[in-house]
Structures are given as structure tokens and as C-alpha cells.
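Residue numbers (the working numbering): 54 to 657.
Note that beta-carbon positions come from the ideal geometry of N, C-alpha and C, so glycine has one too.
Source: prediction; values computed, not measured.
Take a look at the structure below.
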């Protein structure tokens with residue numbers, strides 16, 4: 054009998070008793086003993102009734118013609134009782150055969166036999182469970198226990214004790230193992246593509262181990278004698294995940310190292326920066342990005358330690374005052390060889406730049422990007438740096454073009470790399486100075502300009518005595534008149550002729566080329582530059598974003614002419630739809646960027 058039937062019968066008997074008492078009126082002098090006695094009486098009556106019903110429906114899984122079946126039920130059973138019992142059993146079996154559970158088991162073949170009667174008898178046997186308040190053996194542990202309406206069924210149809218029922222419920226709450234196949238790691242693949250990694254096959258063992266260490270960084274107590282290159286790679290991964298905190302910083306503090314690179318120091322406190330300089334007395338190279346909590350007291354502590362820092366790079370260190378910057382340059386200036394500062398909006402004015410240029414006499418590399426208070430005085434001071442070989446400037450304030458030309462005239466003969474971003478006032482005269490003075494440039498960035506003409510770029514790259522450039526970034530050098538998308542007759546910015554002149558001069562040595570948003574470069578120019586038979590053996594990265602003339606055919610030509618190409622960026626190239634990408638090349642952008650875009654094989 055089902056537990057639900059048991060509960061229902063108890064409820065009905067209780068309801069009948071309540072109705073009888075309500076019909077006879079309120080009772081007087083009813084004690085707790087009388088209530089308990091009435092309950093036991095009803096319970097015994099229900100047990101007798103249930104025992105009779107169970108005896109009538111009990112059965113044995115044997116053939117109907119077997120004489121042992123009759124002997125099993127009752128050796129003294131009369132013929133009439135036997136006939137009545139079999140008739141009830143047949144009715145029960147017929148009812149079971151009409152149920153959905155019977156149809157499901159028959160269709161799936163989950164029973165021990167394929168015979169309909171055998172399946173029905175098996176189901177009827179499962180349903181004949183002991184009724185409440187009787188003793189039964191647990192299906193799992195075999196312990197004797199009292200059956201209650203809340204007793205749970207076991208996996209084989211029996212009943213379970215309270216302990217085994219709880220354990221079974223706890224097991225059901227545990228998460229099931231993932232039965233799906235191995236995941237493709239689409240999210241990680243897309244992240245790698247944006248970083249320019251599209252190498253087929255598994256990553257190197259060192260890379261896998263490094264990422265595994267990063268995944269369990271909170272369980273690691275120390276790195277030990279980890280090689281510096283792996284330590285640097287770990288720092289990159291942790292900073293990208295934004296999990297570099299005061300605790301994880303301790304893993305990177307080793308007194309034998311002379312460098313520290315923290316690409317995301319946003320979660321570090323002021324005392325953490327002091328701890329770095331305390332634990333690493335041999336620092337030669339310091340690189341802190343997003344150093345928002347680096348204050349004057351940190352710089353004072355740094356100067357008191359008398360460290361031999363020669364390469365300093367700080368980003369977003371806005372809590373350092375101008376007075377503290379000047380003190381730093383007076384103390385460390387003679388030994389500094391490289392200085393890179395960026396995103397300073399509340400300090401670092403023209404006076405500080407003048408002190409820097411006066412004290413840092415050995416400075417070879419200077420990068421000042423998005424320093425809001427710098428202006429024309431800073432530009433004049435930079436022209437006095439006689440040892441400068443690498444210059445990178447990005448002004449927020451508008452500077453005078455004549456001062457800029459004078460500064461470049463003095464510094465350009467010694468420059469090996471030059472980066473000018475957002476210099477909106479520069480014209481073709483700046484390109485002429487570079488063409489005349491520069492003889493050793495390997496990197497040239499000149500972006501976000503709408504004044505220089507295509508003729509200026511043609512003149513720069515034609516018969517230029519400078520060796521072929523390795524890095525060129527001329528992004529967003531174009532006319533910005535949206536009402537005239539084709540531009541004026543005399544093309545502004547890098548256009549078709551300038552692009553061809555660039556590739557004729559530096560094509561054999563180019564490793565990275567960025568010409569995004571140079572929208573006046575025609576399709577015919579791309580076809581001529583990447584024509585059949587031409588080869589650019591060293592080109593690894595190319596950005597042609599926002600060139601609507603670039604389509605599948607042009608991209609195919611690029612793949613043919615650039616055998617070492619690893620990364621092609623093509624955002625907003627709306628005609629790029631079904632390009633066949635060689636193995637090992639990361640194609641970023643295009644209309645189908647959401648599809649798998651690294652295909653095995655070669656381009657034909």
C-alpha cells in the first residue's frame with residue numbers, strides 16, 4: 054500500500070470520528086488518556102483493515118497454473134477464497150497495464166522480462182510496501198526500524214531507515230558531474246585572438262603551468278626560485294585578472310631581483326609600495342601602472358633608501374605633488390636613463406618638466422603621455438636633452454607649431470624612435486624635418502592628425518636615407534569633414550600615393566603597420582601594394598580597420614604577400630565576410646567575428 058493511501062485513510066477515519074463527536078454535542082471531562090486510547094483504537098482498526106487488504110492482494114511471481122502458488126498463500130485456503138483472490142489480482146494487474154508507467158517500462162524494456170504480465174506483477178510487487186507502524190528491515194543497512202508515513206523508498210523498491218534516508222537525500226543534493234563533452238573554450242579563444250595569439254595546437258608546457266599557478270594563486274605560499282621570465286609572465290596574468298593584492302604582491306618580492314613590473318596596481322595601498330622598496334634594495338627597473346595610491350611619502354621613502362633606479366615608469370600617480378616630483382629629479386636625475394609618465398592630471402606642470410630636463414642629463418628615453426599641465430614651456434625644455442634617443446609625446450594642451458618644429462630640429466638627428474600623438478597643429482613642415490634630419494629611425498608613430506597632406510607623406514618616404522622602418526603607426530591621419538567622405542582634391546592624411554611610397558621604402562623591413570582610419574587609401578592602392586609577386590617577409594601585425602574597400606579578395610592578397618603575418622585587425626571592414634584565414638593568423642574584426650575565425654590549412 055502506498056504511503057499516500059495510508060495517510061488518506063487515517064485522515065478519513067479521523068474525519069469520521071470528528072463528525073460523530075460533533076453530532077453528539079460537546080463532550081465533558083475528556084482526558085488526555087481517553088484521547089490516546091481513542092487514537093490507538095482507530096489505529097488498530099486501520100491496521101486490521103490494511104492487513105486484510107494486503108493479504109488479498111499478495112502474490113508470488115510464478116505461473117498461474119503452478120500449484121505451489123496456492124500453497125504459498127494459504128494451505129488451508131478454500132476454493133472460493135482462492136477464486137476471489139485471483140479475481141482481485143487480475144483486476145489489479147489490468148489496472149496496472151492501463152497506467153502510463155507500465156507503457157513507459159514496456160517501451161523502454163526496463164523490466165526483467167518482456168512479458169506484459171511479468172512487468173505488471175513486478176510493478177505490483179514494488180507497490181506492496183509495509184504499512185505504517187510495522188517493523189521493516191532497511192534496504193541499505195539492514196537495520197530493523199519502524200515504518201512511518203515519511204519513510205523513503207530505496208533504489209531497489211524497499212524502504213530506508215531515517216539515517217539512510219538522510220544520506221540518500223544529501224547525495225541527491227550534490228552537483229552532478231558534467232556529462233557534456235569537452236568545452237571549446239570559446240571565450241578564452243576570443244580573448245587570445247584580441248591579444249593576437251592564434252597559434253594552433255596546445256600551448257607550451259611552461260604557459261600551461263604558469264596559468265595553473267595563477268588559477269590557484271591564493272593557495273600558494275611562495276614561488277621559490279622561479280625564473281624571472283616566468284615571474285614576469287605570472288605578473289601579467291594576475292594583473293589582467295585584477296587579482297594582484299597586498300597578499301599576492303608578497304610572492305613577487307625577492308631581494309635578488311632588480312626589476313618589478315606591476316601592470317595593475319589599483320588594489321595596492323600606500324604601504325605596499327613602501328614594502329616593495331624595502332624588500333628589493335637592488336631595483337634597477339620600476340614599472341607601476343594605475344598607481345593611484347602612490348603618494349609623496351612613498352617617494353620620500355624611495356629617496357631615503359638611496360636606490361639605483363635607472364628606468365622608471367609610472368602611470369596615474371596623481372597623488373604625487375609637483376614639489377615631490379622635483380625633489381625626485383634632483384636626487385635620481387643624474388642616474389635616470391628612461392622615464393615614462395602617463396595620465397597625470399593634477400600635477401607635473403611646465404616648471405616640473407624644466408627641472409626634469411635640467412637634472413636628468415643622461416636621459417635617453419622619454420615618454421610623456423596625457424600629462425594635462427604640460428604646454429609650450431615643456432616643449433622648449435625637452436629640446437635641451439642632448440642624450441635623447443627615444444621620444445614619445447602626447448599633449449592634451451594645444452602647442453605652438455613653431456616651437457614643435459624647433460624642438461624636433463634639435464632632437465631628431467639623434468632619435469631612433471619617434472612617437473607623436475594628437476599633435477593637431479603639425480603640418481607638412483614637420484614631415485620635411487623628419488625627412489632631412491632622421492637617419493636612424495626604426496619606429497615612427499604619427500597619429501590623429503588632419504593637417505598633413507598625402508603629398509607630405511610621399512615626400513617623407515621618397516628617397517629617404519633612413520633605413521626601412523620596423524614599426525609604423527599612421528592611424529587616423531585623414532580629413533575629418535564628414536560631409537565630404539571622399540575628401541578634398543588634394544588628399545589630407547595618408548592616402549593612396551603616400552601608402553604606396555611607405556611600402557616601397559619600408560616594406561622589406563616592416564614588422565608592424567597600423568593605418569586604421571586612413572580612409573582615403575583606395576582599393577587599387579591595396580591591390581598594387583599587395584600584388585602577386587610582392588613579398589613583405591617580416592610583417593607580423595597589420596591594422597586596416599575602417600577601410601571599407603578591404604574585402605575578401607584584398608585580405609587574400611595580404612595573406613599571400615605576408616608569410617609571417619600573425620595578426621590582422623579589420624574592424625568595420627564591412628565587405629570582409631568569408632575570408633579563408635591561414636592557420637596561426639588571428640583575424641580580428643569583420644562581419645563574422647563571432648564565428649570561429651582561425652581555420653586550418655593554407656590560403657589559395
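Pull up the distance between the alpha-carbon of residue 297 and that of residue 255, whole angstroms please. For the purposes of this step, residue 297 is taken as residue 244 along the chain shown, with counting starting at 1. For the purposes of this step, residue 255 is taken as residue 202 along the chain shown, with counting starting at 1. Residue 297 and residue 255: Cα-Cα distance of roughly 27 Å.
How about residue 400 and residue 375: are their beta carbons less than 8 Å apart? Here residue 400 refers to the residue found at position 347 when the chain shown is read from its first residue. Here residue 375 refers to the residue found at position 322 when the chain shown is read from its first residue. Taking 8 Å as the Cβ cut-off, residue 400 and residue 375 qualify as a contacting pair.
Does the beta-carbon distance from residue 528 to residue 569 come in below 8 Å? Against the chain shown, residue 528 aligns to sequence position 475. Against the chain shown, residue 569 aligns to sequence position 516. For residue 528 and residue 569, yes; Cβs fall inside 8 Å.
Nearest-angstrom Cα separation, counted from residue 642 out to residue 356: Mapped onto the chain shown, residue 356 falls at position 303. Mapped onto the chain shown, residue 642 falls at position 589. Each residue's Cα considered, the two are about 48 Å apart.
Identify which residue in 613, 606, 624 and 639 has its Cα closest to the Cα of residue 632. Counted from its first residue, the chain shown places residue 632 at position 579. For the residues 613, 606, 624 and 639, the minimum Cα distance to residue 632 belongs to 606.
Does residue 326 pass the burial test, meaning 16 or more other C-beta atoms within 10 Å, or should it be called exposed? Counting from one through the chain shown, the residue named residue 326 turns up at place 273. Buried.
Kindly list the residues whose CB is nearer than 8 Å to the CB of residue 428, restricted to its own chain and excluding five residues on each side of it in sequence; keep chain order. For the purposes of this step, residue 428 is taken as the residue at position 375 of the chain shown. These residues qualify, in order along the chain: 403, 448, 450 and 452.
If distances are taken between C-alpha atoms only, which option among 408, 176, 572 and 557 comes closest to residue 535? If you number the chain shown from 1, residue 535 lands on position 482. Minimum Cα distance to residue 535 is reached at 572.
According to DSSP, which residues form a beta bridge with residue 418? Taking the chain shown and counting its residues from 1, one reaches residue 418 at position 365. Answer is 391 and 443.
Could you give the residue range of the beta strand (DSSP E) that holds residue 623? Taking the chain shown and counting its residues from 1, one reaches residue 623 at position 570. Looking at the DSSP string, the run of the beta strand (DSSP E) that includes residue 623 is 620 to 623.
On the three-state DSSP scale, how would you describe residue 285? As a position in the chain shown, residue 285 is number 232, starting the count at 1. Helix at residue 285.
Between the region 506 to 515 and the region 535 to 544, can you find at least three pairs of beta-carbon atoms closer than 8 Å? yes
From residue 455 to residue 389, what distance separates their C-alpha atoms? Working through the chain shown from its first residue, we reach residue 455 at position 402. Working through the chain shown from its first residue, we reach residue 389 at position 336. In a straight line, the C-alpha of residue 455 is about 29 Å away from that of residue 389.
Does DSSP put residue 642 in a helix, a strand or coil? Indexing the chain shown from 1 puts residue 642 at position 589. It is a strand residue.
Proximal residues to residue 114 (C-beta, below 8 Å), its chain only, five neighbours per side dropped: Residue mapping note: residue 114 aligns to position 61 of the chain shown, counting from 1. For residue 114, the predicted model reports a pLDDT of 38, less than 50, meaning its position is unreliable; a value from the coordinates is still stated below. Same-chain partners within the cutoff: 171, 174, 175 and 178.
Hey, could you find the ends of the beta strand (DSSP E) residue 597 is sitting in? The sequence position of residue 597 within the chain shown is 544, counting from 1. Careful: residue 597 lies outside any beta strand (DSSP E) and carries neither H nor E.
Under the assumption that residue 397 contacts residue 424 (Cβ atoms under 8 Å), give the Cβ distance between them as a whole number of angstroms. Position 344 of the chain shown, counting from 1, holds the residue named residue 397. Position 371 of the chain shown, counting from 1, holds the residue named residue 424. About 5 Å; that satisfies the 8 Å criterion.
Does residue 401 come out as helix, strand or coil in the three-state DSSP assignment? What you label residue 401 is simply residue 348 of the chain shown in a count that begins at 1. Residue 401 falls in the coil class under three-state DSSP.
Counting C-beta neighbours from all protein chains within 10 Å, is the total for residue 138 16 or more, i.e. buried, or is it exposed? Translated into the one-based positions of the chain shown, residue 138 becomes position 85. The residue in question, residue 138, is buried, as its Cβ has 16 or more Cβ neighbours within 10 Å.
Over what stretch of residues does the beta strand (DSSP E) that includes residue 496 continue unbroken? The residue labelled residue 496 in the question sits at position 443 within the chain shown. Note, residue 496: beta strand (DSSP E), 496 to 500.
At which residues does the alpha helix (DSSP H) containing residue 142 begin and terminate? Numbered from 1 along the chain shown, position 89 holds the residue referred to as residue 142. 132 to 150 is the span of the alpha helix (DSSP H), which, as asked, contains residue 142.
Where the alpha helix (DSSP H) through residue 350 begins and ends: Your numbering for residue 350 matches position 297 in the chain shown. Element bounds for residue 350: 349 to 358.
Taking all protein chains shown into account, decide if residue 431 is buried (16 or more other Cβ within 10 angstroms of its Cβ) or exposed. Against the chain shown, residue 431 aligns to sequence position 378. Burial call: buried.
Per DSSP, which one or two residues make a beta bridge with residue 199? To locate residue 199, count along the chain shown from 1; it is residue 146. Residue 199 pairs with 188.
In angstroms with no decimal places, state the Cα-to-Cα distance between residue 280 and residue 333. Position 227 of the chain shown holds residue 280. Position 280 of the chain shown holds residue 333. If I take the Cα positions, the gap works out to 16 Å.
Just to confirm, is the Cβ distance from residue 26 to residue 555 under 8 Å? A question about residue 26 goes unanswered here, because the residues of the chain that appear run from 54 up to 657.
Helix, strand or coil: which one does DSSP assign to residue 423? To locate residue 423, count along the chain shown from 1; it is residue 370. The answer is strand: DSSP assigns residue 423 an E or B state.
Tell whether a beta-carbon distance below 8 Å holds between residue 637 and residue 619. The residue you call residue 637 lines up with position 584 of the chain shown. The residue you call residue 619 lines up with position 566 of the chain shown. Yes, Cβ-Cβ distance for residue 637 and residue 619 is below 8 Å.
Look up residue 450 in the DSSP assignment and say whether it is helix, strand or coil. Translated into positions along the chain shown, residue 450 becomes position 397. Correct three-state label for residue 450: coil.
Beta-carbon proximity check, residue 464 vs residue 436, cutoff 8 Å: Mapped onto the chain shown, residue 464 falls at position 411. Mapped onto the chain shown, residue 436 falls at position 383. Result yes, Cβ atoms of residue 464 and residue 436 sit closer than 8 Å.
Looking only at its own chain, which residues have a Cβ that is under 6 Å from the Cβ of residue 211, when we skip the five neighbours before and after it? Reading the chain shown from its first residue, position 158 is the one you call residue 211. Counting only Cβ-Cβ distances below 6 Å, and skipping sequence neighbours, we find 192.
Mind reading off the beta-carbon distance from residue 275 to residue 321? Whole number of angstroms is fine, and I expect it under 8 Å. On the chain shown, position 222 is the one that residue 275 refers to. On the chain shown, position 268 is the one that residue 321 refers to. Not a contact, Cβ separation roughly 19 Å.
Residue 582 by DSSP, collapsed to three states: which one? As a position in the chain shown, residue 582 is number 529, starting the count at 1. Reduced to three states, the DSSP call for residue 582 is helix.
CA-to-CA distance, residue 342 to residue 353, given in whole angstroms: Here residue 353 refers to the residue found at position 300 when the chain shown is read from its first residue. Here residue 342 refers to the residue found at position 289 when the chain shown is read from its first residue. Cα to Cα, residue 353 sits roughly 19 Å from residue 342.
Burial state of residue 140 (16 or more Cβ within 10 Å): For the purposes of this step, residue 140 is taken as the residue at position 87 of the chain shown. Exposed is the call here.
How about residue 621 and residue 595: do their beta carbons lie closer than 8 Å? Mapped onto the chain shown, residue 621 falls at position 568. Mapped onto the chain shown, residue 595 falls at position 542. A contact, by the Cβ cut-off of 8 Å.
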